[in-house]
Amino acid sequence: MTLDKDLQSIQAARELLKQAKQAQAQFAQFSQEKVDSIVAHIAAEAARNAEELAKLAHEETGFGRWQDKVLKNTFASTKVHEHIKPLKTVGIISDDPVNKVMEVGVPLGVITALVPSTNPTSTIFYKTLIALKAGNAIIFSPHPNAKACSQKAIELVKRAAMEAGAPAGIVDGVTLLTMEATKELMHSKDVSLILATGGEGMVRAAYASGTPTISGGPGNGPAFIERTADIKQAVSDIITSKTFDNGVICASEQSIIAERCIYEQVHQELLAQGAYFMNEQESQQLANILLRPNGMINPVIVGKCALSLAEIAGFSVPANTKVLISRQDSVSHQNPYSREKLCPVLGLYIEEDWRSACDRVVELLTNEGMGHTLVIHTQNQDIVRQFALEKPVFRMLVNTPAALGGIGATTNLIPALTLGCGALGGGSSSDNVGPMNLLNVRKVGYGVCNIDDLRQPEASIAPAAQLAQPVQAAPVTAPAVAASAPASIFEDTRFTGGPAPVAAPAATTSADDRFGCGVPAPACNDAGTGVGSDASRDITEENVERIIKQVMGRMAS
1 MTLDKDLQSI QAARELLKQA KQAQAQFAQF SQEKVDSIVA HIAAEAARNA EELAKLAHEE
61 TGFGRWQDKV LKNTFASTKV HEHIKPLKTV GIISDDPVNK VMEVGVPLGV ITALVPSTNP
121 TSTIFYKTLI ALKAGNAIIF SPHPNAKACS QKAIELVKRA AMEAGAPAGI VDGVTLLTME
181 ATKELMHSKD VSLILATGGE GMVRAAYASG TPTISGGPGN GPAFIERTAD IKQAVSDIIT
241 SKTFDNGVIC ASEQSIIAER CIYEQVHQEL LAQGAYFMNE QESQQLANIL LRPNGMINPV
301 IVGKCALSLA EIAGFSVPAN TKVLISRQDS VSHQNPYSRE KLCPVLGLYI EEDWRSACDR
361 VVELLTNEGM GHTLVIHTQN QDIVRQFALE KPVFRMLVNT PAALGGIGAT TNLIPALTLG
421 CGALGGGSSS DNVGPMNLLN VRKVGYGVCN IDDLRQPEAS IAPAAQLAQP VQAAPVTAPA
481 VAASAPASIF EDTRFTGGPA PVAAPAATTS ADDRFGCGVP APACNDAGTG VGSDASRDIT
541 EENVERIIKQ VMGRMAS
């Protein structure tokens, strides 16, 4: 009896899981040195085959530029390896003899990795390196539209791992591609984590599977050119980024925001560097093909150059055109120019000042791309700090091409091709995902005090304070407390609605209305006489610590 394709793929996925689980159990016993030598050999082999696989990916998918895919493959192998090489991930990874805390790296187990069609071979290189560095096995589920190049990349890393001494099955991938096979991997109890990079639907399916998931998310990064920016360099960075691999990296700029006072300069510089400003009719023609009827990105336009996009839309542009720009003044889910566009197309917004630009940035990110990336071009550090404090992203880039800065190629962010969007973007991590996201950490804590120390806070708190501050201030004596004072807050009528306890006789103090609730001001001073000075009522670190000591002293008495 011959099984149908779906059943065959499910059985094949189960076999992969069985082998991966056995391989990971062996791999988990390897030393840090052995793991590092395996990872280094995989990285070297991946880099050596970067160009061949880049050309294969471009030929199969039709996305981007093969020359840029070579750079991505090299980044995902060499640059990623350079960053992760010194990390301790095996055995005892940290030992603090002062605080008597030790940390042990514990691999997750078997990871299922989803592979996007936009960055197939580079994603396989990157995910293999970070998974094995953390002591895990990894099974790939490639995108059907990038099947051949993905399987070639999987075979390469699989062979390199075994050449370096890794057990068979530590890296592998689905060859009979079906949704059922992917679902089997995502729902299996033998899978510890799904590392999801891909379309919104697949990422949602990963989270819905019930298996712990780390994912990337859709980008919609605004690029704000502030009035103090080096305008020529800012425009160069934006065009460099938006044309790199024809805009398929999700961290790339999706819109430009410029202050009105510098807009004419920005406009002229964009024209000089190869931007084409579409008129209203051309903007509508292109808008008609950017999205599918269901509101999702139209795969026809993904990774196409500006000339091809104009041709598909039905209008012509100069031969030197690098990006297509549409002037916009609205933001909505129905407006494709205010959403993610994985091609060299940009919306352009003109704002009166940096504050209104601030509002536009938030509006765009709220529309799509929460938690992902934004870039600002400025020389004003105060504005950088203001944006950093307020904007709903976890990668804020300054004076750099966003596509390359976001992944850590032109910045010192962690080199990664899975860019977490955190809770804001519906994800579990806000990091540029690396090996430390793919292992658990076992904490070992030695006893440093006993219950008697806890009952006598003065004795136990002092050593910690001495560690933090070599010069210890004179001790503060707590005021006398009435014998009837409660030993617990659960006996204190202030928390149960009854009458307040009668304090020991002391000088009358006024109520503290700084918080609008009339809490009695602390009646104490350095001598414990019960006469509170204004300084003793201020909210300072010393006064807070003193009050805590008093409360703990009452509980211990």
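Numbering (full-length UniProt numbering), first residue to last: 1 to 557.
C-beta: ideal position from N, C-alpha, C; glycine also.
Exercise. If you drop the 5 nearest sequence neighbours on each side, which residues of the same chain put their C-beta closer than 6 Å to that of Phe244?
Worked result: Taking the sequence shown and counting its residues from 1, one reaches residue 244 at position 244. Excluding positions up to five away in sequence, the list reads Asp68, Ala403.
For this session: Report the three-state DSSP secondary structure of Ala507 (helix, strand or coil).
Result: Looking up residue 507 in the sequence shown gives position 507. Note that Ala507 scores 42 on pLDDT, short of 50, meaning its location in the model is unreliable; the coordinates nonetheless yield the value given after this. Three-state DSSP puts Ala507 in coil, outside helix and strand.
Exercise. Mind checking whether Val331 and Glu103 have CB atoms under 9 Å apart?
Worked result: Looking up residue 331 in the sequence shown gives position 331. Looking up residue 103 in the sequence shown gives position 103. No, they are not a contact pair.
For this session: Would you mind stating whether Gly371 and Gly420 have Cβ atoms separated by less than 9 Å?
Result: Along the sequence shown, read from residue 1 onward, the residue named residue 371 stands at position 371. Along the sequence shown, read from residue 1 onward, the residue named residue 420 stands at position 420. Yes, these two residues count as a Cβ contact at 9 Å.
For this session: Would you tell me roughly how many angstroms separate the C-alpha atoms of residue 587 and Leu270, rounded to the nearest one?
Result: What is shown of the chain runs 1 to 557, which leaves residue 587 out entirely.
Exercise. At what residues does the beta strand (DSSP E) containing Thr137 begin and finish?
Worked result: Reading the sequence shown from its first residue, position 137 is the one you call residue 137. The displayed chain sequence assigns Ala, not Thr, to residue 137. Start and end: 137 to 141.
Exercise. Looking at the C-beta of His267, does it have a partner C-beta in chain C at a distance below 9 Å?
Worked result: Chain labels in this structure do not include chain C; a single protein chain is all it has.
Problem set entry | Simplified DSSP state of Ala40, which is helix, strand or coil | If you number the sequence shown from 1, residue 40 lands on position 40. Residue state, collapsed to three classes: helix.
Exercise. Using the beta-carbon count (16 or more within 10 Å), is Met202 buried or exposed?
Worked result: As a working note, residue 202 is residue 202 in the sequence shown. With 16 or more other Cβ atoms within 10 Å, it is buried.
Exercise. How big is the Cα-Cα spacing for Leu53 and Lys304?
Worked result: For the purposes of this step, residue 53 is taken as the residue at position 53 of the sequence shown. For the purposes of this step, residue 304 is taken as the residue at position 304 of the sequence shown. Each residue's Cα considered, the two are about 19 Å apart.
Exercise. Do you know offhand how far Tyr207's Cα is from Gly198's?
Worked result: On the sequence shown, residue 207 is found 207 positions in, with the first residue counted as 1. On the sequence shown, residue 198 is found 198 positions in, with the first residue counted as 1. Rounded to the nearest angstrom, the two C-alpha atoms are 13 Å apart.
For this session: Figure out for me which residue from Thr228, Gln273, Thr89 has the closest Cα to the Cα of Gly235.
Result: Residue mapping note: residue 235 aligns to position 235 of the sequence shown, counting from 1. The question names Gly, yet the displayed sequence has Val at residue 235. Checking every option, the nearest Cα to that of Val235 belongs to Gln273.
Exercise. If you count every other CB in all the chains shown that lies within 10 Å of the CB of Ile139, and 16 or more means buried, which is it?
Worked result: Within the sequence shown, numbered from 1, the residue matching residue 139 stands at position 139. Its Cβ being crowded by 16 or more others within 10 Å, Ile139 is buried.
Exercise. If you draw a straight line from the C-alpha of Val39 to the C-alpha of Pro107, how long is it?
Worked result: Position 39 of the sequence shown, counted from the first residue, corresponds to residue 39. Position 107 of the sequence shown, counted from the first residue, corresponds to residue 107. Computed Cα separation, rounded: 15 Å.
Exercise. Can you tell me the Cα-Cα spacing of Ser510 and Pro457, whole angstroms?
Worked result: Locating residue 510 in the sequence shown gives position 510, where the first residue counts as 1. Locating residue 457 in the sequence shown gives position 457, where the first residue counts as 1. Model confidence at Ser510 stands at a pLDDT of 42, short of 50, so the residue's coordinates are unreliable; what they give is reported in the following sentence. Distance between the alpha carbons of Ser510 and Pro457 is about 29 Å.
For this session: Could you check which residue in Thr418, Lys183, Cys149 has the C-alpha nearest to that of Ser215?
Result: Taking the first residue of the sequence shown as position 1, residue 215 is located at position 215. Of the listed residues, the one whose Cα sits closest to Ser215 is Thr418.
Exercise. Does the Cβ of Pro293 have 16 or more other Cβ atoms within 10 Å, making it buried, or fewer, making it exposed?
Worked result: On the sequence shown, position 293 is the one that residue 293 refers to. Per the 10 Å Cβ criterion, exposed.
For this session: Helix, strand or coil for Pro120, going by three-state DSSP, please let me know.
Result: Mapped onto the sequence shown, residue 120 falls at position 120. Helix.
For this session: Determine, using beta-carbon pairs with one atom in the region 385 to 394 and one in the region 41 to 52, whether at least three such pairs fall under 8 Å.
Result: no
Exercise. Helix or strand or just coil, what does DSSP make of Tyr446?
Worked result: In the sequence shown, residue 446 corresponds to position 446, counting from 1. Tyr446 falls in the coil class under three-state DSSP.
Exercise. Which of helix, strand or coil does DSSP assign to Ala223?
Worked result: Counting from 1 along the sequence shown, the entry for residue 223 is found at position 223. Three-state result, Ala223: strand.
Exercise. Between the region 79 to 91 and the region 4 to 14, do three or more beta carbon pairs fall short of 8 Å?
Worked result: no
Exercise. Taking the alpha-carbon positions, what's the Gln268 to Gly105 distance?
Worked result: On the sequence shown, residue 268 is found 268 positions in, with the first residue counted as 1. On the sequence shown, residue 105 is found 105 positions in, with the first residue counted as 1. Going from the Cα of Gln268 to the Cα of Gly105 covers about 54 Å.
Exercise. Which class does Ala153 belong to by DSSP, given the choice of helix, strand or coil?
Worked result: As a position in the sequence shown, residue 153 is number 153, starting the count at 1. Residue state, collapsed to three classes: helix.
Problem set entry | CB of Ala196 within 9 Å of CB of Thr178, strictly | Locating residue 196 in the sequence shown gives position 196, counting from the first residue. Locating residue 178 in the sequence shown gives position 178, counting from the first residue. It is not a contact, given that the beta carbons lie outside the stated cut-off.
Exercise. Hey, His377 and Val398: beta-carbon distance below 9 Å or not?
Worked result: Mapped onto the sequence shown, residue 377 falls at position 377. Mapped onto the sequence shown, residue 398 falls at position 398. Yes; because the gap between Cβ atoms is below 9 Å, this pair is in contact.
Exercise. In three-state DSSP terms, what is Gln254?
Worked result: For the purposes of this step, residue 254 is taken as the residue at position 254 of the sequence shown. Three-state result, Gln254: strand.
Problem set entry | Thr112 - partner residues in DSSP beta bridges | On the sequence shown, residue 112 is found 112 positions in, with the first residue counted as 1. Bridge partners of Thr112: Ile139, Ile194.
Problem set entry | Residues bridged to Ser326 [DSSP beta-bridge criterion] | Within the sequence shown, residue 326 is the residue found at index 326, counting from 1. Paired residues: Gly347.
For this session: Can you tell me which of the three DSSP states His333 falls into?
Result: Indexing the sequence shown from 1 puts residue 333 at position 333. Residue state, collapsed to three classes: coil.
For this session: For Ile10, I'd like the list of residues in its chain whose CB is within less than 7 Å of its CB, leaving aside the five on either flank, ordered along the chain.
Result: What you label residue 10 is simply residue 10 of the sequence shown in a count that begins at 1. Taken in chain order, the residues that qualify are Glu180, Ala181, Glu184.
Exercise. Under a Cβ-count criterion, where at least 16 other Cβ atoms within 10 Å of its own Cβ denotes burial, should Ser338 be classed as buried or exposed?
Worked result: Position 338 of the sequence shown, counted from the start, is the residue given in the question as residue 338. By the 10 Å Cβ count, Ser338 comes out buried.
Exercise. Nearest-angstrom Cα distance between Ser192 and Lys88?
Worked result: Walking along the sequence shown from the start, residue 192 turns up at place 192. Walking along the sequence shown from the start, residue 88 turns up at place 88. If I take the Cα positions, the gap works out to 21 Å.
Exercise. Taking the Cβ atom as the reference point for each residue, do Met186 and Thr123 lie within a distance shorter than 9 Å?
Worked result: As a working note, residue 186 is residue 186 in the sequence shown. As a working note, residue 123 is residue 123 in the sequence shown. No. Outside cutoff.
Exercise. How long is the line joining the alpha carbons of residue 566 and Ile257, rounded to whole angstroms?
Worked result: Lying outside 1 to 557, the shown extent of the chain, residue 566 is not represented and no answer is given.
Problem set entry | Proximity of Gln24 and Val110 at Cβ, strictly below 9 Å | Translated into the one-based positions of the sequence shown, residue 24 becomes position 24. Translated into the one-based positions of the sequence shown, residue 110 becomes position 110. Taking 9 Å as the Cβ cut-off, Gln24 and Val110 qualify as a contacting pair.
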